[in-house]
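Right, one structure below, let's go through it.
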Amino acid sequence: MSGDTAEEGSDELIEAIEWYAAYPNDRKRPIVPLLQERFGLSAAQACAVLREVNLRRARAT
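Structural data, given as structure tokens:
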């Protein structure tokens, strides 16, 4: 699935990326279903959010 980066994504994707980037790492439930419920994303879009945030975190270190 292409086009799901922050630069090309929908408002929901951008909002989810920003939210997840600030979300604490001490999760008590799986993050993909949480992103789907909270932002109305598909599983593929939720995975794109995880990928984007992980890339941003890797670049920051």
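Every position in the sequence shown, counted from 1, becomes a number in the numbering used here once 256 is added.
By construction, the Cβ of each residue, glycine as well, lies at the ideal position given by its N, Cα and C atoms.
Asked, Found
"Assigned exposure category for E308 - 16 Cβ within 10 Å defines buried", "buried"
"Three-way DSSP call (helix, strand, coil) for P289 in this model", "helix"
"Cβ-based neighbour list, L297, same chain, cut-off 8 Å, excluding 5 preceding and 5 following", "E268, L269, A272, L291, V305"
"Straight-line Cα distance separating A316 from A299", "26 Å"
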